[in-house]
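2 protein chains.
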Amino acid sequence: MPRKPSYDRDALIAQARDIFWRQGWAGTSLKDLERELNLKPGSFYAAFGSKDALYALALERYAQDGVSRLTTMADEVGPLQALKTQPQIVISAKEMPARACMLAKTFAELQAKGHGLADKAGAHLEEMKECFATLFRRAQAAGEIGAHHDPDRLAARYQSDLLGLRLSAERDDVNAIELASDIAADLDRL
Amino acid sequence: MPRKPSYDRDALIAQARDIFWRQGWAGTSLKDLERELNLKPGSFYAAFGSKDALYALALERYAQDGVSRLTTMADEVGPLQALKTQPQIVISAKEMPARACMLAKTFAELQAKGHGLADKAGAHLEEMKECFATLFRRAQAAGEIGAHHDPDRLAARYQSDLLGLRLSAERDDVNAIELASDIAADLDRL
DNA sequence: GGCTTTATTGAGCGATCACTCAAGTATATA
DNA sequence: TATATACTTGAGTGATCGCTCAATAAAGCC
Chain H
1346 MPRKPSYDRD ALIAQARDIF WRQGWAGTSL KDLERELNLK PGSFYAAFGS
1396 KDALYALALE RYAQDGVSRL TTMADEVGPL QALKTQPQIV ISAKEMPARA
1446 CMLAKTFAEL QAKGHGLADK AGAHLEEMKE CFATLFRRAQ AAGEIGAHHD
1496 PDRLAARYQS DLLGLRLSAE RDDVNAIELA SDIAADLDRL
Chain B
1346 MPRKPSYDRD ALIAQARDIF WRQGWAGTSL KDLERELNLK PGSFYAAFGS
1396 KDALYALALE RYAQDGVSRL TTMADEVGPL QALKTQPQIV ISAKEMPARA
1446 CMLAKTFAEL QAKGHGLADK AGAHLEEMKE CFATLFRRAQ AAGEIGAHHD
1496 PDRLAARYQS DLLGLRLSAE RDDVNAIELA SDIAADLDRL
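Here's what the structure looks like:
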């Protein structure tokens, strides 16, 4: 009996993710979203409930895609090679809306105000870190990395390096390719 | 003949810097500033002209303080030791309003929208990077670092590491002290 | 003290914010 | 085809945004 929506909800979430990723939370108005997603206010709120609810969906999508892309690559080329390749990938950014990490941007923007979305972003960052740690553990098990290292500590450092790289890659005065290869080179010394 | 302002302009700029540093550009309203600086709208605009103008002053103050603190330390303990100590310092954050870098936060928040303050923040980041490069050059001249390294490349990597560290240090699930000491330890392998 | 000059005050400006809702429209079932 | 059930529309909500300005108060110079 009902009527079907004329839009593809998943596609709208992906589109919203890209806008939020680029412009941030406060930097994206509902006018922006309504225009880009081609939704009137009524439809928007019927579909997503609120700006924050859509942002949360966008964050989740972003984090899921990041983890699945990395684990897929690790299954194909091995854990260490995946970790070494990741820096290049995150700054290649041809069709990506931004090089900086959306989770980091969200966390940095909203943490001070105690916004719930900052906590969600922080949780996703933690998931991502645990994903890195798993790859370091697998690399250790495969003998690609010395057994004396703490994989959690390596993961924290590696994630921090990636966040720095991705932020630096937004700048014109930084050679991100050199930076990425230097970070990757560090993994060979473990 | 005139009447003197009842406030200390420099102190107000420092106070505004701390608020902006913590809450970001969009996250800080004029109401916030008027309340914290104890200024009515009229006085505020007579003193600073606009929110953006005050933000620019705050950025400048932030950058100047950062450079002068680092160069002072380098004069006291030497360039390499200063670079090795800096990571601990930036995350100690007893009386600092945030651990993340204000320049990086500003750049990340406003760059996508083409806001002029993002360019100013980017320029200050470049100054800071050049300051790091100078210290690496001085460390090289002193024989503390191998001559085969490119100091500009080292500076870019070091700055990126610091930005990542400072962002990570805002998180509860990251051991920032370990992170800082790992970054410092890397300098001994140069 | 009188005068000039500037600082201070706070009500209020238009614009924009996230969001609501009643009315109209299209569709799947009966 | 008739009806029930959504989806779509867009004018409009109160709140807040950055900011203005006329009125008032206070300080330095004569």
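Line by line, the protein sequences give chains H and B. If you're matching positions, the first sequence starts at 1346 in the working numbering and goes up one per residue. If you're matching positions, the second sequence starts at 1346 in the working numbering and goes up one per residue. All residues carry an ideal CB built from backbone N, CA and C; glycine is no exception. Here the structure is a predicted model, which is why all the values come from computation and not from measurement.
For residue i, which residues in the same chain have their Cβ closer than 7 Å to its Cβ, ignoring the five residues on either side in sequence?
i                 : result
LYS1465 (chain B) : ALA1401 and LEU1404
ALA1359 (chain H) : ARG1406
GLY1411 (chain B) : MET1473
ALA1525 (chain B) : PRO1432, GLN1433, ILE1436 and LEU1510
LEU1425 (chain B) : ALA1484, GLU1489, ILE1490 and LEU1532
LEU1508 (chain B) : CYS1446 and ALA1449
ALA1463 (chain B) : THR1451, PHE1452, LEU1455 and GLN1456
LEU1415 (chain B) : ALA1427, GLN1431 and CYS1476
PRO1496 (chain B) : ALA1478, PHE1481, ARG1482 and GLN1485
Please list the terminal residues of the continuous alpha helix (DSSP H) segment that includes residue i.
i                 : result
GLU1489 (chain H) : Neither: GLU1489 (chain H) is in no alpha helix (DSSP H) and is coded neither H nor E.
LEU1523 (chain H) : Contrary to the premise, residue 1523 (chain H) reads as Glu rather than Leu in this sequence. Start and end: 1521-1532.
LYS1450 (chain B) : 1447-1455
GLY1387 (chain H) : 1386-1393
TRP1366 (chain B) : 1354-1368
SER1437 (chain B) : 1424-1437
GLU1381 (chain B) : 1375-1382
LEU1512 (chain H) : 1496-1513
Pop quiz: residue i and residue j are said to be a contact at Cβ under 8 Å. What is the actual Cβ separation, rounded to whole angstroms?
i                 : j                 : result
PHE1477 (chain B) : GLN1504 (chain B) : 6 Å
ARG1498 (chain H) : GLU1515 (chain B) : No, ARG1498 (chain H) and GLU1515 (chain B) are not in contact; Cβ-Cβ is about 18 Å, not under 8 Å.
ASP1355 (chain H) : ILE1364 (chain H) : With a Cβ gap of about 15 Å, ASP1355 (chain H) and ILE1364 (chain H) do not count as contacting.
GLY1369 (chain H) : GLU1454 (chain B) : 6 Å
GLY1423 (chain B) : LYS1458 (chain H) : Not confirmed; about 41 Å, so no contact.
LYS1396 (chain B) : LEU1382 (chain B) : About 12 Å separates the two Cβ atoms, so there is no contact after all.
ALA1521 (chain B) : SER1513 (chain B) : 6 Å
ASP1527 (chain H) : ARG1502 (chain B) : 5 Å
ASP1518 (chain H) : ASP1506 (chain B) : With a Cβ gap of about 17 Å, ASP1518 (chain H) and ASP1506 (chain B) do not count as contacting.
Anything in chain B within Cβ reach of residue i, meaning under 7 Å, just list it in chain order.
i                 : result
ASP1527 (chain H) : ARG1502
What does residue i reach in chain H if we use C-beta pairs closer than 8 Å?
i                 : result
LEU1508 (chain B) : LEU1508, GLY1509, LEU1512 and SER1513
Residues in the same chain with beta-carbon distance under 6 Å from residue i, minus the five sequence neighbours each way, listed in chain order, please.
i                 : result
LEU1448 (chain H) : ALA1466, HIS1469 and LEU1470
LYS1429 (chain B) : ALA1529 and LEU1532
MET1418 (chain H) : ALA1427
PHE1393 (chain B) : LEU1399
ARG1362 (chain H) : ALA1403, ARG1406 and TYR1407
TRP1366 (chain H) : PRO1442, ALA1443 and MET1447
ALA1438 (chain H) : ARG1444
For residue i, which residues in the same chain have their Cβ closer than 8 Å to its Cβ, ignoring the five residues on either side in sequence?
i                 : result
GLY1491 (chain H) : GLN1485 and LEU1535
ARG1511 (chain H) : VAL1435, ILE1436, ARG1444, ALA1445, CYS1446 and ALA1449
LEU1384 (chain H) : TYR1352, LEU1357, LEU1378 and ALA1392
HIS1494 (chain H) : PHE1481, GLN1485 and LEU1535
Measuring from the CB of residue i, is there a heavy atom of the ligand PLP at a distance below 8 Å?
i                 : result
ARG1348 (chain B) : This structure simply doesn't include the ligand PLP, nor any ligand for that matter.
| message | Can you pull out the residues from the region 1479-1506 of chain B whose beta carbon lies closer than 8 Å to at least one beta carbon of chain H? | response | ARG1498, ALA1501, ARG1502, GLN1504, SER1505 and ASP1506
| request: For the region 1459-1472 of chain H, enumerate the residues whose C-beta is nearer than 8 Å to any C-beta of chain B, in chain order. | output: GLY1467, LEU1470 and GLU1471
| message | Please list, in chain order, the residues of the region 1447-1459 of chain B that have any C-beta partner in chain H closer than 9 Å. | response | ALA1449, LYS1450, PHE1452, ALA1453, GLU1454, LEU1455, GLN1456, ALA1457 and LYS1458
| Taking Cβ-Cβ distances below 7 Å as the criterion, which residues of the region 1358-1377 of chain B are in contact with chain H? | ARG1367, GLN1368, GLY1369, ALA1371 and GLY1372
| Just by C-beta distance, which residues in the region 1512-1524 of chain B are closer than 8 Å to chain H? | LEU1512, SER1513, GLU1515, ARG1516, ASP1517, ASP1518, VAL1519, ASN1520, GLU1523 and LEU1524
| said: So if I threshold CB-CB distances at 8 Å, which residues from the region 1416-1450 of chain H count as touching chain B? | reply: ALA1443, ALA1445, ALA1449 and LYS1450
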